[in-house]
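K.L.:
First residue of the sequence shown? That's 1269 in the numbering used here, and the numbers climb one at a time after it.
Handing you this structure, nothing more for now.
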Amino acid sequence: MALNGWYFNQLPDAYVRQTLKAMQRNIESAASEIEALRHVDTAEREALTGSVSDIVNLLSQAQNQVARGDHDTMETATHLKDAIERLSLTSGMRRST
């Protein structure tokens, strides 16, 4: 991932905004695919959709912070990492970090 291991203030704003928007589009596309799943239990699909919504909201929050010139994004990045981990656990994909 392009932003992995970097603080937002170490990268040009335009690059950060472009990367966040691309990430959000990809997540929204995944959300549409999750909604279309029919072989997945309804409760599991709702859990996946909730996790994806959390990620979309956090990416939007990060974009707003960058647009305001607020580069203190460590809290948002931490929440984003946690939301991605929840999505990985919800979807049955476990990664070691």
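A virtual CB, placed ideally from N, CA and C, is assigned to each residue, including glycine.
Source: prediction; values computed, not measured.
Is D1309 helix, strand or coil when you go by DSSP?
P.N.:
The answer is coil: DSSP assigns D1309 none of H, G, I, E or B.
K.L.:
Enumerate in chain order the residues of its own chain whose CB-to-CB distance from I1352 is below 7 Å, with the five nearest sequence positions on each side excluded.
P.N.:
Only I1323 meet the Cβ criterion.
K.L.:
If you follow the alpha helix (DSSP H) that D1281 is in, where does it begin and where does it stop?
P.N.:
Start and end: 1281-1304.
K.L.:
Does T1287 pass the burial test, meaning 16 or more other C-beta atoms within 10 Å, or should it be called exposed?
P.N.:
With 16 or more other Cβ atoms within 10 Å, it is buried.
K.L.:
Looking only at C-alpha atoms, which of L1357, H1347, A1335, L1327 sits nearest to R1293?
P.N.:
The option with the nearest alpha carbon to R1293 is L1327.
K.L.:
Tell me the DSSP secondary structure of D1350 in three-state form.
P.N.:
Of the three classes helix, strand and coil, the one that applies to D1350 here is helix, per DSSP.
K.L.:
May I ask you to report which of helix, strand or coil DSSP gives D1338?
P.N.:
It is coil, neither helix nor strand.
K.L.:
How close, in whole Å, do the beta carbons of A1298 and V1320 come, if the pair is a contact with beta carbons under 8 Å?
P.N.:
So it is a contact: roughly 6 Å between Cβ atoms.
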